[in-house]
Amino acid sequence: AQSVTQLGSHVSVSEGALVLLRCNYSSSVPPYLFWYVQYPNQGLQLLLKYTTGATLVKGINGFEAEFKKSETSFHLTKPSAHMSDAAEYFCAVSETGTASKLTFGTGTRLQVTL
Amino acid sequence: DAGITQSPRHKVTETGTPVTLRCHQTENHRYMYWYRQDPGHGLRLIHYSYGVKDTDKGEVSDGYSVSRSKTEDFLLTLESATSSQTSVYFCAISPGPENIQYFGAGTRLSVL
């Protein structure tokens, strides 16, 4: 069974500050890992993914995440927050293999202040 | 939203009435999913489909049924809506490899 834990349901940062959203996963097999972003009243949009290869993955809008197997973590970072980054962020895990189901974390709402 | 249309976008209904939500895709992707989103729970899988007429249950399938008679359409039915089914429902599609899923804009359902 897979599970995802996102630490902090709400995170607030100042514009220009580092963004760090935490995600830890549990999986009995090597996982695929994802970050999705949801803006108000919209669906989820894929930010980035880790499947195989390089453990530091870059996504859209300047975000990146690092897969750390020893820590079972996949934290999302961005060096400098922008007001437009305010949204809800979801970490998700699936088993490798075609069309395995995604298991989502409960989400972290990012607030960006002036 | 990657060629995915959910309808209706908003619906208010009464307890005990049947409700059908539709997900239509133009991407010809094999896999389709229905999730519900509730505060504090993230997204939870209701049902999914891995091909025409091939469906399976997710973690919160009680009270829901699905049908997929064509590649492009995946229907979610609440046979007798209850207030606990008030939620935002999302459809997702996937071509398969790497399990990347693409989401529709959602349907906000209120059961009074």
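These protein sequence lines are chains A and B, in that order.
Per the working numbering, the very first residue in the first sequence carries number 836; after that it's consecutive.
Per the working numbering, the very first residue in the second sequence carries number -16; after that it's consecutive.
Beta carbons are placed, not taken as given, at the ideal position from N, Cα and C, and that holds for glycine.
Given the structure, does residue 907(A) come close to the ligand ZN, in the sense that its CB is under 7 Å from one of the ligand's heavy atoms? Ligands in the displayed structure: none, and consequently the ligand ZN is not present.
Sequence-distant residues of the same chain with beta carbon closer than 6 Å to residue 880(A), five excluded per side: Only 872 meet the Cβ criterion.
Closer than 7 Å, Cβ to Cβ, to anything on chain A: give me those residues from the stretch 62 to 85 of chain B, in chain order. 73, 77, 79, 80, 81, 82, 83 and 84
In or out: residue 864(A) buried (at least 16 other Cβ within 10 Å) or exposed? exposed
Pairwise C-alpha distance: residue 64(B) and residue 20(B): For residue 20(B) and residue 64(B), the distance between alpha carbons rounds to 16 Å.
Output the distance between the C-alpha atoms of residue 53(B) and residue 922(A), rounded to the nearest integer angstrom. 35 Å
Return the residue from the list 0(B), 56(B) and 3(B) that minimises the CA-CA distance to residue -14(B). 56(B)
Under 9 Å (Cβ pairs) to chain B, residues found in the stretch 855 to 884 of chain A: 867, 869, 871, 873, 876, 877, 878, 879, 880, 881 and 884
Which residues of chain A have a Cβ atom closer than 9 Å to the Cβ of residue 28(B), listed in chain order? 936, 937, 938 and 939
Would you verify that the beta carbon of residue 47(B) is, or is not, closer than 8 Å to some beta carbon of chain A? No, its Cβ sits nowhere closer than 8 Å to a Cβ of chain A.
Mind checking who residue 874(A) pairs with in its DSSP beta bridge? Answer by DSSP bridge pairing: none, since residue 874(A) is not bridged.
Length of the line joining the Cα atoms of residue 954(A) and residue 884(A): This structure does not reach residue 954(A), given that chain A is present from 836 up to 949, and the question cannot be answered.
Who are the near neighbours of residue 899(A) in its chain, counting only those whose CB is closer than 8 Å to its CB and skipping five residues on each side? The beta carbon of residue 899(A) is closer than 8 Å to those of 883, 891, 892, 893, 911, 912 and 913 in its chain, skipping five residues each way along the sequence.
If distances are taken between C-alpha atoms only, which option among 845(A), 888(A) and 917(A) comes closest to residue 22(B)? Nearest to residue 22(B) by C-alpha distance, out of 845(A), 888(A) and 917(A), is 845(A).
Identify whether residue 897(A) lies in helix, strand or coil by the three-state DSSP scheme. helix
For residue 67(B), is the classification buried or exposed, using 16 other Cβ atoms within 10 angstroms of its Cβ as the cut-off for buried? exposed
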